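Below is one structure, written out as structure tokens; the observations come after it.
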Amino acid sequence: MTRKSPGMGPLTPRQHWRRARLQAYSWLLTGAYRLGATRPAVWRFMARSYHPVLDRLARRHARVACQFAAVDVPAYRDFLRENGAEHARRLEDFPETTKQNYASVYDEQSRCQEGRLHRPGVIVDESSGSSGKPYNWVRGPRELQGIYRNAAGYIELVFPGERLFVINAYSMGAWATGTTTGAAMARIAMVKNTGPDLEKIADTLEHFGPGYDYVVAAYPPFLKHLRDRLDAAGFRWHDYRIRGMVGGEGMTEALRDYLEERFEEVRSGYGASDLTIGMGAESGFTVRLRKRLATDQRLRDILLGPGEQRLPMIFHYNPLETFLEVNGSGELLCTINTKSCLQPKLRYNVGDEARLHTLAEVRRALGADYAATWTDERMNLPLLFLFGRKDSTISYMGANLYPQDVEYGLYQGNPYAASIARFCLSLEELPGLEYRPVINVELREEADVDRDELARICREGVVAHLGRVSRDFAESLKEDPSAADLRVRIFDGDGGPFAALTKMKNVYLVEHA
877 MTRKSPGMGP LTPRQHWRRA RLQAYSWLLT GAYRLGATRP AVWRFMARSY
927 HPVLDRLARR HARVACQFAA VDVPAYRDFL RENGAEHARR LEDFPETTKQ
977 NYASVYDEQS RCQEGRLHRP GVIVDESSGS SGKPYNWVRG PRELQGIYRN
1027 AAGYIELVFP GERLFVINAY SMGAWATGTT TGAAMARIAM VKNTGPDLEK
1077 IADTLEHFGP GYDYVVAAYP PFLKHLRDRL DAAGFRWHDY RIRGMVGGEG
1127 MTEALRDYLE ERFEEVRSGY GASDLTIGMG AESGFTVRLR KRLATDQRLR
1177 DILLGPGEQR LPMIFHYNPL ETFLEVNGSG ELLCTINTKS CLQPKLRYNV
1227 GDEARLHTLA EVRRALGADY AATWTDERMN LPLLFLFGRK DSTISYMGAN
1277 LYPQDVEYGL YQGNPYAASI ARFCLSLEEL PGLEYRPVIN VELREEADVD
1327 RDELARICRE GVVAHLGRVS RDFAESLKED PSAADLRVRI FDGDGGPFAA
1377 LTKMKNVYLV EHA
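Heads up, this note's numbering is the position in the sequence shown plus 876, with the first residue counted as 1.
Structural data, given as structure tokens:
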């Protein structure tokens, strides 16, 4: 339950001096970052010239951010006192913050700098509620300007073009991604904020014609819906240059391959409503590296750990602005370094599993193959290997089933992939207290397909993929062939478990089908 923490209250002379000193130091570093990212071209130069020695500066700034919040943010002061950490000095001495122990406990105002929320230019975003309850997150004007600069710099680097036209297909409600993407892209491109409206996007492409360098920004499943909708209408893909920018959830290489049969290229970004937009971003190098990891067990053992069977998303990130750590449980911690952050995010654990590597470490792991993997974006930033939310699994026959692996099996080589709108997983209890995973598949409205045949192909595809990538599952198949008895259920649009799910963002695990 949210409670109102004590206000700022009077500070002692020593606290006043400490606050002024930390504030000056923090603004000095923030100002240097901001000066270096005033224009997208300068941002690109910084991304390409980043040196690992800056990691130490980034870590120091993260520690300063925590120390400053300890005297400047009422909620954080109270949080440290409750956790016996009011005298913390090293970064690792400051306790992790989470949605449960911090954002749910203290109100929005007490989590702001100086305990002051209402300021001109503040934007209130809302998370999608995929965790069960929507949350409000506030961002100040200086913070938003930094987000816009970073997003614009990245888009110009990864999607170069003389006539950029961004079609923003993210939801346009109070969700951070949609409104922020539109404002950021307007700095460097012509923008139309269509929202996730297939007909409106099709009309836009037809109306403005092939004379632009289009970038469609959307959640990954929606980009698939768009491809399928345009294919069904006989869209002249070869006349257009269309690329895809996705975010909000993970994407498999099977889905990327399916999309890139039509889109020139598809790249993904990483962010969280709790933290910030655009914390990490893919490049051609990270895509090639991920594809290499899928087939190179030696490289997986070096970069992900011995025996790791999952295939993470891989993003570049800038520690000077978002300092990342991985705790003892393999979960990602993020500290927003910039002083511009209205609600400081300090060693915040959003619940994602991850690994971190410098570019030099990846280069050594690749050895002689590094040159063949490098691409012309030439981003020199360190790398985030992201597995996704820690609880997004179903345990079955001693193996963990991940939605990403199921997606591979559903789309890879499936001649009916265009008939699939989305999917989710559930468990079904059988007689004798036995459980079987259920793959619930929602059909597109216009899909005309033999449902039994589709279910068979989906089942065989998922079992085959799991048998290749999961040693535990493969061993279960040897010991008990009935492990292949995955249930596949086909539903019409909004039928079955999909009736209660939002259309904005996919939910991959449901309690009951």
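Glycine included, each C-beta is placed from N, C-alpha and C at the ideal position. Since we're looking at a predicted model, the values are computed, not measured.
- For residue 992, the CB contacts under 8 Å within the same chain, skipping 5 residues up- and downstream, are 985 in chain order.
- Counting only the Cα atoms, residue 1265 lies some 34 Å from residue 1244.
- Taking 3 residues as the shortest admissible run, the segment 971-1024 contains the following complete beta strand (DSSP E) segments, listed from N- to C-terminal end: 999-1002 and 1012-1015.
- Out of 1189, 1065, 1181 and 1322, the CA that lies nearest to the CA of residue 1036 is found in 1065.
- In this structure, the beta-carbon distance from residue 1153 to residue 1027 falls below 8 Å.
- Looking at the DSSP output, residue 1192 shares a beta bridge with 1157 and 1259.
- A distance below 6 Å between beta-carbons, with the five flanking residues on each side excluded, links residue 1091 to the following residues of its chain, in chain order: 1035, 1042, 1119 and 1121.
- In the assembly as shown, residue 1072 is a buried residue. Its beta-carbon has 16 or more other beta-carbons within 10 Å.
- The beta carbon of residue 1384 is closer than 7 Å to those of 1268, 1279, 1300 and 1301 in its chain, skipping five residues each way along the sequence.
- Relative to residue 939, the option among 1196, 1039 and 1242 whose CA is nearest is 1196.
- Boundaries for residue 1038: no beta strand (DSSP E) harbours it, and the DSSP string shows neither H nor E there.
- In this structure, DSSP gives residue 928 a state outside helix and strand, which the three-state scheme calls coil.
- Per the C-alpha coordinates, the member of 960, 1237, 1315 and 1346 positioned closest to residue 1331 is 1315.
- In the DSSP assignment, residue 1201 falls within the beta strand (DSSP E) that extends over 1198-1202.
- The residue among 957, 995, 1192 and 990 with its C-alpha nearest the C-alpha of residue 978 is 957.
- In the displayed model, residue 1139 falls within coil according to three-state DSSP, outside both helix and strand.
- Annotation for residue 1162: 1190, 1191, 1192 and 1259 place their beta carbon closer than 8 Å to its own, counting only its chain and skipping 5 residues before and after.
- The beta carbons of residue 941 and residue 1222 sit about 6 Å from each other, so the pair counts as a contact at 8 Å.
- Counting only the Cα atoms, residue 965 lies some 11 Å from residue 936.
- Residue 1212: member of the beta strand (DSSP E) spanning 1207-1212, first to last residue.
- Taking the Cα of residue 1240 as reference, the smallest distance to any Cα among 1126, 1179 and 1039 is reached at 1179.
- Distance from the Cα of residue 1150 is smallest, within the candidate group 1059, 1001 and 1186, for 1001.
- At a Cβ-Cβ threshold of 8 Å, residue 1261 and residue 1233 count as neighbours.
- Bounds of any alpha helix (DSSP H) do not take in residue 1364; it lies within the beta strand (DSSP E) bounded by 1363-1367.
- Annotated three-state conformation of residue 1026 is helix, per DSSP.
- The three-state reading of DSSP puts residue 1224 in strand, counting E and B together.
- Linking residue 1145 to residue 1360 through their CA atoms gives a straight-line distance of about 34 Å.
- For residue 1013 and residue 1126, the gap between their C-alpha atoms comes out near 22 Å.
- Counting along the chain, residue 1079 sits inside the alpha helix (DSSP H) bounded by residues 1074-1084.
- Taking the CA atoms as reference points, residue 988 sits about 4 Å from residue 1219.
- In the structure shown, residue 1370 falls within a coil segment according to DSSP collapsed to helix, strand and coil.
- Here residue 1188 is buried. Its C-beta has 16 or more other C-beta atoms within 10 Å.
- Under the DSSP assignment, residue 1186 falls outside any beta strand (DSSP E); it carries neither an H nor an E label.
- Within its own chain, the residues whose Cβ lies closer than 7 Å to the Cβ of residue 1184, once the five positions on either side in sequence are excluded, are 1176, listed in chain order.
- Annotation: residue 1284 is outside any beta strand (DSSP E); the continuous alpha helix (DSSP H) that includes it extends over 1279-1287.
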